[in-house]
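Mapping to numbering that gives the first Met the number 0: the sequence shown position 459 is 458, numbers consecutive.
Encoded as structure tokens, the structure appears first; notes follow it.
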Amino acid sequence: MPSGGRDEQVTTGRDDDGVGDSGNSTTTTNTNTSSSGLKYLIIRPEGGGIKDLFNLLITNNSTGGAGGGGGGGAIYYNKFIQQSSISNDNDDQMGMGIGGPTPISNNNDDHRWVIIVSIIVRKIIGVFGKPMEWCGYLVEFLLNLLSHNGGNLFSLFLNLVTGKLVIPHRDSDTFISTIGHLDGRVDLYNGDIFTRFQNAIQHSKETSTQVGDRALMDFCIMASKLAYENAKVVRNIVVHHWKMHFVEFFNGWNEFQKERSTQVFILSDKPVDANLIIISFRGTEPFDPDDWSTDFDYSWYEIPKLGKVHMGFLEALGLGNRAEVSTFQEYLQIGGDGVKGTSQQSEVGAFKPSMVHPSNGSEPATDFDSEDTVNQRDTEESTCKKKPMPIMGEMTAYYGVRSRLKNLLDEHKNAKFVVTGHSLGGALAILFPTILLLHEEKEMMQRLLGVCTFGQPRVGDRKLGRFMESHLNHPSPKYFRVVYCNDLVPRLPYDNKTFLFKHFGMCLYYDSKYVEQ
Numbered sequence: 000m001p002s003g004g005r006d007e008q009v010t011t012g013r014d015d016d017g018v019g020d021s022g023n024s025t026t027t028t029n030t031n032t033s034s035s036g037l038k039y040l041i042i043r044p045e046g047g048g049i050k051d052l053f054n055l056l057i058t059n060n061s062t063g064g065a066g067g068g069g070g071g072g073a074i075y076y077n078k079f080i081q082q083s084s085i086s087n088d089n090d091d092q093m094g095m096g097i098g099g100p101t102p103i104s105n106n107n108d109d110h111r112w113v114i115i116v117s118i119i120v121r122k123i124i125g126v127f128g129k130p131m132e133w134c135g136y137l138v139e140f141l142l143n144l145l146s147h148n149g150g151n152l153f154s155l156f157l158n159l160v161t162g163k164l165v166i167p168h169r170d171s172d173t174f175i176s177t178i179g180h181l182d183g184r185v186d187l188y189n190g191d192i193f194t195r196f197q198n199a200i201q202h203s204k205e206t207s208t209q210v211g212d213r214a215l216m217d218f219c220i221m222a223s224k225l226a227y228e229n230a231k232v233v234r235n236i237v238v239h240h241w242k243m244h245f246v247e248f249f250n251g252w253n254e255f256q257k258e259r260s261t262q263v264f265i266l267s268d269k270p271v272d273a274n275l276i277i278i279s280f281r282g283t284e285p286f287d288p289d290d291w292s293t294d295f296d297y298s299w300y301e302i303p304k305l306g307k308v309h310m311g312f313l314e315a316l317g318l319g320n321r322a323e324v325s326t327f328q329e330y331l332q333i334g335g336d337g338v339k340g341t342s343q344q345s346e347v348g349a350f351k352p353s354m355v356h357p358s359n360g361s362e363p364a365t366d367f368d369s370e371d372t373v374n375q376r377d378t379e380e381s382t383c384k385k386k387p388m389p390i391m392g393e394m395t396a397y398y399g400v401r402s403r404l405k406n407l408l409d410e411h412k413n414a415k416f417v418v419t420g421h422s423l424g425g426a427l428a429i430l431f432p433t434i435l436l437l438h439e440e441k442e443m444m445q446r447l448l449g450v451c452t453f454g455q456p457r458v459g460d461r462k463l464g465r466f467m468e469s470h471l472n473h474p475s476p477k478y479f480r481v482v483y484c485n486d487l488v489p490r491l492p493y494d495n496k497t498f499l500f501k502h503f504g505m506c507l508y509y510d511s512k513y514v515e516q
């Protein structure tokens, strides 16, 4: 667990192999731009077969390029790579694209290897995707079957022979995820959590140390872990264990994946005159092939004036679709989101306390009537994937959370908000305020207490990092990344001369003995 408020133990811009980013590069990248001004690169593992991949590995190209023609290497290259047309644009040497007229040449073999590794891993994930999901369902069912029947095999057998066997039901308030079984801690650290929050927020007003406070860091990691549970489990723990106010649970729509694959919930420390609002994004689920494929995807889209951003993470927030790249431009406009009528977004595809009967002045009850149960099904992960595809921009994580957050900040004048998440959820957690800045949500950003992520992958290039640090590091750091040395995910996407994805913010780095470095 990180120690809060100790700036001398925090490393700025440190990458996760223990080596700091150099801040410059000797590689000049020709960034590609189309006639419409879009800059992007998409790696498509489905573009070719094993033979094409082998030819890509062994074939040299000295004249071909993204636009076609030239050596044989370009032919196989273009089967797996889709990018904007070629243009000489050297204004940002820290770019991470594979561009220029010779994307695969004698001097760029590292380009080819990184592409090949990404394609191979994602092809393997694609082949074993369904078995992974089935295995995940089976493992979760067996773990819950065991826990519902005494927690050991003897009790399970005894219940079976006596006719008292309890069958777990997915999406119930007792069905726990695999992550929840691996770490069964539910209750918060001992002590008056409200007093600790109030002291932390008051301390932030006086000294601007903000989310680095130990109380908030501890709570963020518990909220990040809780995000792996279904809506009913989240509400039950927030209300009955943490004695806080559950606000809303979202199943955000991903237009590229054609399913509700982004989960996030919101809570506040109390229902009236709240001081703290927490937004927690779900991370990479152990048996979700789409999550792992996103982590190993190196595709990017360049937002003008911000930098290059991981395309899969943008899609997870509902901010574009690589099948129609122009959608990114529509949703990622400076000073506006390009979406009309989003004020009602949080009303759709979300589980809220208003869907249940209040048991007292602040807590939702555990019982659902028939109408409320129907409403709840809008968020149930087992059924939401069968729903008709919504219009792009509706029911997405970014717009739903933003709309609800605006209402909460208007309602609670003294409240500040913290965004958190683990693994993939950490990437979405830092991108959420990034897009708020892009959309010039200045009043909301003034209420940001901080961002705290755990095991987060890289989300963009150095230009993006410089932009965010200029907003989150002054007057003091608001963005902290907690990293364990043996964690693979923070090393994705790879940081090399080809794909210069870069970490930014304050890194709290832990060695194999969980000692902060």
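Note that the Cβ used here is the ideal one computed from N, Cα and C, for glycine as well.
This one's a predicted model, so the numbers in the text were calculated from it and none came from an experiment.
Alpha carbon of residue i to alpha carbon of residue j, nearest angstrom
i    : j    : result
R213 : F479 : 12 Å
F248 : K257 : 19 Å
D294 : D186 : 30 Å
A222 : D51  : 44 Å
S117 : Y297 : 7 Å
A331 : I114 : Per the sequence shown, residue 331 should be read as Leu rather than Ala. Those two C-alpha atoms are separated by around 26 Å.
N148 : L157 : 9 Å
N406 : K78  : 46 Å
N151 : F174 : 17 Å
A426 : A226 : 14 Å
M394 : S260 : 11 Å
E139 : Q516 : 35 Å
S154 : D182 : 22 Å
H244 : N229 : 17 Å
S267 : Y508 : 29 Å
G48  : S402 : 43 Å
E132 : V126 : 12 Å
Y483 : V160 : 45 Å
V233 : Y513 : 28 Å
I302 : R490 : 23 Å
Q262 : I166 : 26 Å
K501 : G311 : 16 Å
N253 : Y398 : 12 Å
S511 : I57  : 39 Å
L463 : C134 : 38 Å
Supposed close pair residue i, residue j - CB separation, criterion 8 Å
i    : j    : result
F503 : I278 : At roughly 20 Å, the Cβ-Cβ gap does not stay under 8 Å, so F503 and I278 are not in contact.
I220 : V246 : The pair is not a contact, with the Cβ atoms about 20 Å apart (cut-off 8 Å).
V450 : I429 : 5 Å
L142 : H180 : 5 Å
N320 : E314 : 6 Å
H239 : G459 : Not confirmed; about 39 Å, so no contact.
K163 : P44  : So it is not a contact: roughly 49 Å between Cβ atoms.
I41  : Q81  : 4 Å
L145 : R111 : Going by Cβ atoms, the distance from L145 to R111 rounds to 47 Å, so no, they are not a contact pair.
S83  : L37  : 5 Å
A322 : F218 : About 39 Å separates the two Cβ atoms, so there is no contact after all.
Contact under 8 Å by Cβ, residue i with residue j
i    : j    : result
P492 : R457 : yes
D486 : G454 : yes
G251 : H421 : no
A396 : L275 : no
K535 : S171 : Because the chain is modelled from 0 through 516, residue 535 falls outside the range shown and cannot be assessed.
T177 : P285 : yes
I333 : K307 : no
D272 : N472 : no
K318 : I434 : As written in the sequence, residue 318 is Leu, which differs from the Lys given in the question. Against a cut-off of 8 Å, the Cβ pair of I434 and L318 comes out as a contact.
M467 : L404 : no
V488 : Y39  : no
I124 : W291 : yes
F280 : Y300 : no
Y447 : P432 : The displayed chain sequence assigns Leu, not Tyr, to residue 447. The answer is yes: Cβ separation under 8 Å.
Heavy atom of the ligand NAP within 7 Å of residue i beta-carbon
i   : result
F79 : Absent from the structure shown: the ligand NAP. Ligands present: none.
Decide if the stretch 472-490 is in contact with the stretch 434-443; the criterion is three or more beta carbon pairs, one per stretch, under 8 Å apart.
-> no
Within the stretch 426-488, ranges of the alpha helix (DSSP H) (whole runs, at least 4 residues) = 441-444 and 461-471
Can you list the alpha helix (DSSP H) stretches of 4 or more residues lying completely in the stretch 245-274, in chain order?
-> none
Every unbroken beta strand (DSSP E) inside the stretch 114-145 [3 residues or more] = none
Starting from the N-terminal side, write out each stretch of the beta strand (DSSP E) that is 3 residues or longer and does not extend beyond the stretch 150-187.
-> none
Please list the segments of the alpha helix (DSSP H) lying wholly inside the stretch 301-337, counting only runs of 4 or more residues, in order along the chain.
-> 310-315 and 325-330
Counting only runs of 4+ residues fully inside the stretch 215-242, write out the alpha helix (DSSP H) ranges in chain order.
-> 230-235
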